[in-house]
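Protein chains in written order, with the numbering used here: chain Z, 2 to 393; chain W, 2 to 393. Cβ atoms here follow ideal geometry from the backbone N, Cα and C, with glycine treated the same way. Values in this document were obtained by computation on a predicted structure and should not be read as measured data.
There are 2 protein chains.
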Amino acid sequence: MENAFSDRITDVPKSFIREILKVTIDSSIISFAGGLPNRLFFPVKALQKAAFDVFEEAGAEILQYANSEGYLGLRQFIADRYRKQEGLEIPVEDILITTGSQQGLDLLGKTFLNEGDDLIIEEPGYLGAIQAFAMYRPRFHPVPVSEGGMDTAALGRVLSERQPKLLYTVTNFQNPSGVSYSDDNRRAVADLLRGSSCLIIQDDPYGDLRFSGSRKISFKHLLPANTVLLGSFSKTVAPAMRLGWLVAPPLIMDKLVIAKQASDLHTDYLAQRILHRYLCDNDLDAHIAAIIRQYGKQKEAMIGAIKDFFPAGVQHTNPEGGMFLWVTLPEGTSSMALFEAAIKKKVAFVPGTPFYVDRKDSNTLRLNFSCSDEPTIVEGIRRLGDSIKALF
Amino acid sequence: MENAFSDRITDVPKSFIREILKVTIDSSIISFAGGLPNRLFFPVKALQKAAFDVFEEAGAEILQYANSEGYLGLRQFIADRYRKQEGLEIPVEDILITTGSQQGLDLLGKTFLNEGDDLIIEEPGYLGAIQAFAMYRPRFHPVPVSEGGMDTAALGRVLSERQPKLLYTVTNFQNPSGVSYSDDNRRAVADLLRGSSCLIIQDDPYGDLRFSGSRKISFKHLLPANTVLLGSFSKTVAPAMRLGWLVAPPLIMDKLVIAKQASDLHTDYLAQRILHRYLCDNDLDAHIAAIIRQYGKQKEAMIGAIKDFFPAGVQHTNPEGGMFLWVTLPEGTSSMALFEAAIKKKVAFVPGTPFYVDRKDSNTLRLNFSCSDEPTIVEGIRRLGDSIKALF
Numbered sequence: 002m003e004n005a006f007s008d009r010i011t012d013v014p015k016s017f018i019r020e021i022l023k024v025t026i027d028s029s030i031i032s033f034a035g036g037l038p039n040r041l042f043f044p045v046k047a048l049q050k051a052a053f054d055v056f057e058e059a060g061a062e063i064l065q066y067a068n069s070e071g072y073l074g075l076r077q078f079i080a081d082r083y084r085k086q087e088g089l090e091i092p093v094e095d096i097l098i099t100t101g102s103q104q105g106l107d108l109l110g111k112t113f114l115n116e117g118d119d120l121i122i123e124e125p126g127y128l129g130a131i132q133a134f135a136m137y138r139p140r141f142h143p144v145p146v147s148e149g150g151m152d153t154a155a156l157g158r159v160l161s162e163r164q165p166k167l168l169y170t171v172t173n174f175q176n177p178s179g180v181s182y183s184d185d186n187r188r189a190v191a192d193l194l195r196g197s198s199c200l201i202i203q204d205d206p207y208g209d210l211r212f213s214g215s216r217k218i219s220f221k222h223l224l225p226a227n228t229v230l231l232g233s234f235s236k237t238v239a240p241a242m243r244l245g246w247l248v249a250p251p252l253i254m255d256k257l258v259i260a261k262q263a264s265d266l267h268t269d270y271l272a273q274r275i276l277h278r279y280l281c282d283n284d285l286d287a288h289i290a291a292i293i294r295q296y297g298k299q300k301e302a303m304i305g306a307i308k309d310f311f312p313a314g315v316q317h318t319n320p321e322g323g324m325f326l327w328v329t330l331p332e333g334t335s336s337m338a339l340f341e342a343a344i345k346k347k348v349a350f351v352p353g354t355p356f357y358v359d360r361k362d363s364n365t366l367r368l369n370f371s372c373s374d375e376p377t378i379v380e381g382i383r384r385l386g387d388s389i390k391a392l393f
Numbered sequence: 002m003e004n005a006f007s008d009r010i011t012d013v014p015k016s017f018i019r020e021i022l023k024v025t026i027d028s029s030i031i032s033f034a035g036g037l038p039n040r041l042f043f044p045v046k047a048l049q050k051a052a053f054d055v056f057e058e059a060g061a062e063i064l065q066y067a068n069s070e071g072y073l074g075l076r077q078f079i080a081d082r083y084r085k086q087e088g089l090e091i092p093v094e095d096i097l098i099t100t101g102s103q104q105g106l107d108l109l110g111k112t113f114l115n116e117g118d119d120l121i122i123e124e125p126g127y128l129g130a131i132q133a134f135a136m137y138r139p140r141f142h143p144v145p146v147s148e149g150g151m152d153t154a155a156l157g158r159v160l161s162e163r164q165p166k167l168l169y170t171v172t173n174f175q176n177p178s179g180v181s182y183s184d185d186n187r188r189a190v191a192d193l194l195r196g197s198s199c200l201i202i203q204d205d206p207y208g209d210l211r212f213s214g215s216r217k218i219s220f221k222h223l224l225p226a227n228t229v230l231l232g233s234f235s236k237t238v239a240p241a242m243r244l245g246w247l248v249a250p251p252l253i254m255d256k257l258v259i260a261k262q263a264s265d266l267h268t269d270y271l272a273q274r275i276l277h278r279y280l281c282d283n284d285l286d287a288h289i290a291a292i293i294r295q296y297g298k299q300k301e302a303m304i305g306a307i308k309d310f311f312p313a314g315v316q317h318t319n320p321e322g323g324m325f326l327w328v329t330l331p332e333g334t335s336s337m338a339l340f341e342a343a344i345k346k347k348v349a350f351v352p353g354t355p356f357y358v359d360r361k362d363s364n365t366l367r368l369n370f371s372c373s374d375e376p377t378i379v380e381g382i383r384r385l386g387d388s389i390k391a392l393f
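In structure tokens:
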């Protein structure tokens, strides 16, 4: 049977994070490994009411097949929000509702990538994007990111040697590293790409979750014709419904809709209608403000505990938002070895390795701070600090 | 920009059916063109209650990220139903919940097809399957189907010349033709495939909608290790939620789950929980019986009107279930020309052309009978008969 499979699926290794998450089911383990939003903030009662009301108002219509582009009301809400928050004028026709923003990545791979095409990815980079694009067998060109943004010298080298079709970036509070691109860095990246045929995919699942600092400029302002935006309600409302979106100009949208029809015809229409009713009847910004207050406190608790419990020589990012921070151990230290040691002390994280396209080990790790309360974070970081010290 | 796209997406023409459906928005047109289940049978109140109850019982849990395989309770319901209805013992681990069965097709393409791989498709065949598989650029080998099933002589020829990886079939009340495979035909197809590495994909969205005749044997009985089953709640409960499933043995399932994660992580978990609550609290078989009674009457009305109003020399299928029947005009007659003429008489259908992988025109057409009441069907068929006579 093995040789019956496609090359693309045969090449993909079993998900490392999946295996890790199995270990963390043990409830005595404090886990910073997950990537989940905190369920305490899911608007259960408000969504229950929205579901009831939308059945009451719209009846059978919300249960029928719907169009591939998505519910117009929801797309209008997204367009209005771009105008209000970022001063971007996005026509509703340029918005496609996707089955989570993960599907946005798959549709972009389907629409753009031939085998061997060049694609720029951040290093470290978002694992879900690596997995989605890998199915179309591109050649990955990792470009380092760190506090402040992308390494523009490294980007310039790739652009001088190759003709990448796509550049994938999470510019705000990136998963896994928590780093954000400064305005200057965004302008420098845009300057390098201007005139090339490379399309920027700006994925922004965490952009609304900002604790400090100020909103940065969108690539859609800097390179409007060459930018595709991805967004998601998973971190601001709830992930179960798989509701994300994609913004692209008409020429690209025509192709994306064909790919969407071939992939799942359309995104759950009942879910779109429930979410839209919720958004009309509730104050999303007030809801997000409550999430930010708590996540911000949890991040501060984690940063404080790191200062208290980690030995000298361990570096970490200090994100202005989002759900993750990134730890760099001294050169040559194995985060895989640390993982084994940490599990024995009942604390878990994700070693950095899967966030690189070409490494077997690394001296980096990802810590999630959205899902644990402050005392748990302090205790977990204390345990992790002990594990690091024992390893040295 | 055009040369930036992938080869797969550049090759796919704009959906013909989409264009047709735009024409039929005119409410004075009687449309047999759609492929929708009848919304009169959507269980609006029962799903509204199921949604309310599941929020009440399970709270935040139903709004969190969930596993890629799907909700265990829903998979257990599907396994139990296979046992009860078909005497099939399917382990729940062999069941994957998909974002509509359209996604099942995409995941199979992703998991099995390299460019140029051989794939057997029915002729005429399901358009959604042709679209999904076309994204992976296989070589299509159409094998004719007609009343009673697949042309086994033609199938034998393909199998002697090529080594197809997949055979895609809709064995019950096929879309577009309404034909079903007899037990003898299924056995003959299985005999031809036995010992080959070709996998049968048995897609059965309409199997529960049987008006007459008796249930036929599943390929899962005949070739258990080489059969993948696809199923859907779209025609029995409602399509908006995009809930389908796929049954495959463990070795294949491992790969499909990787493809699923890359495609959309998991199917809407809230929708899975709502549907599961609905299925636990309601009698699905009684609900389906009501649908069958009405669809059966509508099919009879269509067959009767065809006999009354169509000229001699026009052939048609007489399906034992499902939503469609298939009309064959005399050799050389253009169903595209008939479409133009019929629209002027305010009646629409889908010309057969898009259901073949390699034709520009055809003498066949698909008629949907699930969405129009009996008087409307009679009037529409009268208008269509007039259009056919005018064309001769």
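Check                                                                                                                            : Outcome
For Z:Q49, three-class secondary structure by DSSP                                                                               : helix
Reference W:R384, options W:T318, W:A155, W:G126 and W:P312, closest by Cα                                                       : W:P312
Closest residue to W:T228 among W:F212, W:H267 and W:T172 (Cα-Cα distance)                                                       : W:T172
Under 8 Å from the C-beta of W:D107: neighbouring residues of chain Z                                                            : A263, S264 and D265
Presumed contact (8 Å Cβ cut-off) between W:Q175 and Z:Q132, rounded CB distance                                                 : With 8 Å as the limit, W:Q175 and Z:Q132 do not qualify as a contact, their Cβ atoms being about 35 Å apart.
Any C-beta of chain W under 8 Å from that of Z:N115                                                                              : yes
Residues bridged to W:D284 [DSSP beta-bridge criterion]                                                                          : Note: W:D284 sits in no beta bridge, so no partner.
Short CB-CB distance (under 8 Å) between Z:S1 and chain W                                                                        : Residue 1 of chain Z is absent from the model: chain Z starts at 2 and stops at 393.
Residue nearest to W:Q164 in terms of C-alpha spacing, selected from W:L114, W:Y127 and W:G333                                   : W:L114
Other residues of its chain near Z:V93: CB distance less than 6 Å, five sequence neighbours each side excluded                   : R76, Q77 and A80
Inter-residue Cα distance where the pair is Z:G196 and W:L41                                                                     : 55 Å
Short Cβ contact (8 Å threshold) for Z:L231 with Z:L247                                                                          : yes
Residues sharing a beta bridge with W:A349, DSSP                                                                                 : W:S32
Interfacial residues, the segment 13 to 42 of chain W to chain Z, with Cβ spacing under 7 Å                                      : V13, S16, L37 and R40
Beta-carbon spacing of W:K256, W:T100 below 8 Å                                                                                  : no
Interfacial residues, the segment 51 to 66 of chain Z to chain W, with Cβ spacing under 8 Å                                      : A52, F53, F56, E57, G60, A61, E62, I63, L64, Q65 and Y66
Option in Z:F340, Z:A349, Z:S336 and Z:D374 with minimal Cα separation from Z:R360                                               : Z:S336
Length at least 3, wholly inside the segment 90 to 162 of chain Z: the beta strand (DSSP E) runs in chain order                  : 96 to 100, 119 to 124 and 140 to 147
Minimum C-alpha distance to W:T329 - residue among W:R9, W:T237, W:Y72 and W:T354                                                : W:T354
Closer than 8 Å to chain Z by CB, W:I201                                                                                         : no
Residues near Z:N186 by beta carbon distance below 8 Å, same chain, minus five either side                                       : G149, G150, M151 and T153
Beta-carbon separation (whole angstroms), W:H394 vs W:P44, contact threshold 8 Å                                                 : Since the first residue shown for chain W is 2 and the last is 393, residue 394 of chain W is missing from the structure and cannot be characterised.
Alpha-carbon spacing of W:V146 relative to Z:Y207, whole angstroms                                                               : 51 Å
W:W401 vs W:P143 beta-carbon contact at 8 Å                                                                                      : For chain W, the structure presents residues 2 to 393; residue 401 of chain W sits outside this window and is missing.
Contact set between the segment 230 to 262 of chain W and chain Z, restricted to residues whose Cβ is under 7 Å from the partner : A239, P240, A241, M242, R243, L252, K256, I259, A260 and Q262
Short CB-CB distance (under 8 Å) between W:Y270 and chain Z                                                                      : yes
Z:R76 in three-state terms, based on DSSP                                                                                        : helix
Beta-carbon proximity check, W:G129 vs W:L97, cutoff 8 Å                                                                         : no
Distance between W:E380 and W:R119 (C-alpha atoms, nearest Å)                                                                    : Before going further, note that residue 119 of chain W is Asp rather than Arg in the sequence given. Their backbone Cα atoms lie some 44 Å apart in a straight line.
Simplified DSSP assignment, three categories, for Z:R216                                                                         : coil
Short-range partners of chain Z found in the segment 203 to 222 of chain W, where Cβ spacing is below 9 Å                        : none
Cβ neighbour criterion (16 or more within 10 Å) applied to W:Q104                                                                : buried
Short-range partners of chain Z found in the segment 353 to 375 of chain W, where Cβ spacing is below 8 Å                        : none
Alpha carbon of W:I26 to alpha carbon of W:K346, nearest angstrom                                                                : 15 Å
Cα-Cα separation between Z:T237 and W:I63, rounded to whole angstroms                                                            : 16 Å
Close beta carbons around W:S398, own chain, < 6 Å, minus the five adjacent residues each side                                   : A query on residue 398 of chain W cannot be resolved here, the shown segment of chain W reaching from 2 to 393 and no further.
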